[in-house]
Amino acid sequence: VPEIIDFREGVAALDEIAEFSAVPFTMLGTGTPTEVRAGVVSANYFEVMGLSAVLGRVTGPGDAGPAADPVMVLTWEYWHRAFGGDAAVLGRTVEMNGRATTIVGVVEPAPPFPGETDVFVNLVTSPHHMAAEMVHGRSHRMDDVFARLAPGADLDAARSQLALVSQRMYADHPENYDAAAGYEVSVTPLREALVSRARTTLYLLMAAAGLLLVVTCANAANLVLTRNLRRDREFAVRWALGAGRAGLRRILLLECGLLVGVGAVLGLGFAYLGLGLLVSFAGRFTTRATEIQMDPAVLAFTTLVACLAAVAFAFAPGLRNRDAAGAALTRSGSRTTGGSRRLQRGLVVAQVAASVTVLTAAGLLGRTLLVLNAVDPGVEVANTLTLEAPSALEGQAPGEVVALQEEMVRRIAALPGVDDVGVGLSVPLRGTLVTLEIKAEGRPPLPGEPIPLAEYRTATPDFFAAAGMEILSGRGFAATDEAGSARVAVINQALAERLFGEDDPLGRRVTWTGQVLSAIGMQEDWRTIVGVVENTRDAGPDQPPPPTLFQPLTQNDLAYYPGAFVIRAEQAPNLAPQVQRIINEMAPEQPVLRIASLEEIRQERIAAERLNTFLVGILGLLALVIAAVGLAGILSFLVSERTAEIGIRMSLGADARKVLGMVLLDGATLLAVGSALGLLGSFAVTRLLQGLLHGTEAGDPRTLAAVLLVMTAVGLAATAGPALRAARVDPMQAIRRE
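In terms of the numbering used here, the sequence shown has 107 at position 103, counting the first letter as 1, and numbering is strictly consecutive.
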């Protein structure tokens, strides 16, 4: 790749530069045909990345150049998943898109970056990468580039040198680097790139878990403080018998240590039991769910928190001095002091505040999820089935592949209950790998305006009906749109607006353009727009619809046939075995992949949002329950401490309603103060949410109102028990008991 050569020659701060391209391959020779996610890499890739083989070898200098043999290195995960960790896999030959490739090694476990990868192959395994246009051209960019800093060099030096080389490169080859396109070479440390996409989510989960820890510790501290206050006379007797403060602290430390230790063990046990449920649930949203596990760091953190909690509880207020202890032996009535009551109430306020903060985060994420779910995907998701049956094109002419896929469509359409069947380059709601420059006849880009880009797609006549995509004007494709007939196209709304503004695009002509066409075997060929179809949210509901152009499958200019089928039928998912059998009978060498309904694909697009909402929601629910229990517990204790006072009030004329109102007001005050502080805290935490929200703001009043309503309802319900108990106090018995 010329750019990489320029960087190697002109950037002294970089010691080694390697390239990586993500390419799907059809792999044969392992039983069932399989599509694998391959990383096409330069021979020095593993050296640059600092990765070694755990079995066999990785690629080296002998695997570079067009004369090298095609070789493959398996990832650790794929080796275990596909081959059961069998060492005999070394030396085995498989076919990658029809090209014999030898498995030479298994690489050590590593994070899947820049994307999920099953295997690595050298450049010669992919003939496309060895084509002259790829080797010598500057227009086909599909590589991720990795580099290692030279000894003594730093990141700033690498950035400045790369900027100078890239500016010279743009100036020397202006025909390849359109100034309006805004080409830029960016440098990112690998660690930053690995965690940047997950950092916000991880910080949010850590903050929510930390607040839950605050709620739990505050609740436990209140329980310990209450217990110590109830043991006031016991401590007084111990003081009287000569026990010192240090001795009493040791007793409390032992008791709290046992309490916290049992709680920590039970917590770890529940966490271990719940881990399987979490992995199972998260597995619906991410392929990396199996990496969720309890490791030594988690155990060490849990142990540390438990030890700190035990010490904190043991040294919590509650022990009096010797004089106060003597008075406690002769005093009756309440055992609490003003200071201890304020501390107890403060701990309840802290629980409520932390709960409101976590619930606000969960509510905002839930609101985002509702907004994304309400976005029109541009297709009718009900009663659909989609799948992919990619053709490797080995030994087949494009016309033969088209004829085969059209025959598959006819046989699938003949199944009972099937309404429409279509096949094309990609399934709706899933992105395509092909985005090209496009131009409209008579409408050149304005000065300084970047050349328009559009996604390249193909479709058979019934594809739009099968997907439930509405033709807004003109027509879709017809059986008469054959390879030798007039070249036609259907564009979506986004492309129509990008190219023609408010003008009618029907009858206008467009063509793909750019130097990249020669690299992929295409040429400029004008097509007449015959229809406009509605937009589909292929990039996700939180992204604008990508401009897209559809060509008839019979007029596919790209030697690429992924076989993306869309089937509309009653009980469509139940047809999957029959459809798979038809494809296997007609093309046993083709894998059948990614079987899913359009609704399942739509949910895949918001998988991260669903997982975030679920995890933060669970933490918020736990915080709410613990805070409610803490509020009820402390009010019950305070009511019991004020039994004599309540009895006297009722003897002097206060009725049950006034007593009930007094306790409810006490609980409501704690709720109000805690909720107000929680809202203030939520504004700090919601800063972490800025990159995770869509269609709502961090201070969304409806979400805040809903959180306050839930907190108030649960809090008042928790207050009701102690309040009713206070209202039922018998004045005479209360006074006599005291």
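Heads up, the beta-carbon is just placed ideally off N, CA and C, and yes, glycines get one too.
- By the CB criterion at 7 Å, Q165 and V15 fall inside the cutoff.
- Residue nearest to V93 within the set V77, R103, N101 and A104 is V77 (criterion: CA-CA distance).
- For L553, the closest of V149, Y460 and D160 by C-alpha to C-alpha distance is Y460.
- Distance from the CA atom of E613 to the CA atom of G637, rounded to whole angstroms, is 36 Å.
- Check the Cα spacing between F50 and each of T364, T558, S430 and F150: the tightest is with F150.
- DSSP places F50 in the uninterrupted alpha helix (DSSP H) bounded by Y49 to M53.
- Going by DSSP, Y174 is part of the alpha helix (DSSP H) stretching over L159 to D176.
- Across the set G33, T436 and D19, the C-alpha of D19 shows the shortest separation from the C-alpha of D158.
- Sequence-distant Cβ neighbours of V191 in its own chain, meaning closer than 7 Å and more than five residues away, are L159, A162, R163 and L166.
- CA-to-CA, the gap between L499 and E441 works out to about 12 Å.
- One alpha carbon belongs to V108, the other to D67, and they sit about 11 Å apart.
- The segment 386-433 is shown to contain whole alpha helix (DSSP H) runs of 4 or more residues at 402-417, in chain order.
- Taking all protein chains in view, the Cβ of S56 is surrounded by fewer than 16 other Cβ atoms within 10 Å, so the residue is classified as exposed.
- Here the alpha carbon of A418 sits roughly 25 Å from the alpha carbon of I475.
- Pairing G435 with G478 gives a Cβ-Cβ distance that is not under 7 Å.
- In this structure, the beta-carbon distance from V570 to G446 does not fall below 7 Å.
- With a cut-off of 8 Å on Cβ pairs, the segment 579-598 is in contact with the segment 379-399, counting three or more such pairs.
- Here T36 carries a coil assignment [DSSP, helix/strand/coil].
- A residue is called buried when at least 16 other Cβ atoms come within 10 angstroms of its Cβ; F687 does not meet this threshold and is exposed.
- When V494, G278, R152 and T97 are compared, the shortest CA-CA separation from F468 is found for V494.
- Between the C-alpha atoms of P581 and P465 there is a straight-line separation of about 24 Å.
- Listed in chain order, the non-local C-beta contacts of V643 below 7 Å within the same chain comprise V667, P726, R729 and A730, local neighbours out to five positions each way being set aside.
- Comparing alpha-carbon positions, the option among V514, V537 and N539 lying closest to Q527 turns out to be V514.
- E574 and N387 have their C-alpha atoms roughly 6 Å apart.
- Approximately 6 Å separates the beta-carbon atoms of A212 and A365; this is inside 8 Å, confirming the contact.
- With contacts defined as CB atoms closer than 7 Å, T306 and A358 fail to qualify as a contacting pair.
- Here DSSP, grouped into helix, strand and coil, assigns S655 to helix.
- Counting the other Cβ atoms within 10 Å of the Cβ of F319 gives fewer than 16, which makes it exposed.
- For A688, the enclosing alpha helix (DSSP H) starts and ends at A660 to V689.
- Taken in chain order, the whole alpha helix (DSSP H) runs of length 4 or more contained in the segment 340-390 are 342-378.
- For N496, the pairing in a beta bridge is given by DSSP as V537.
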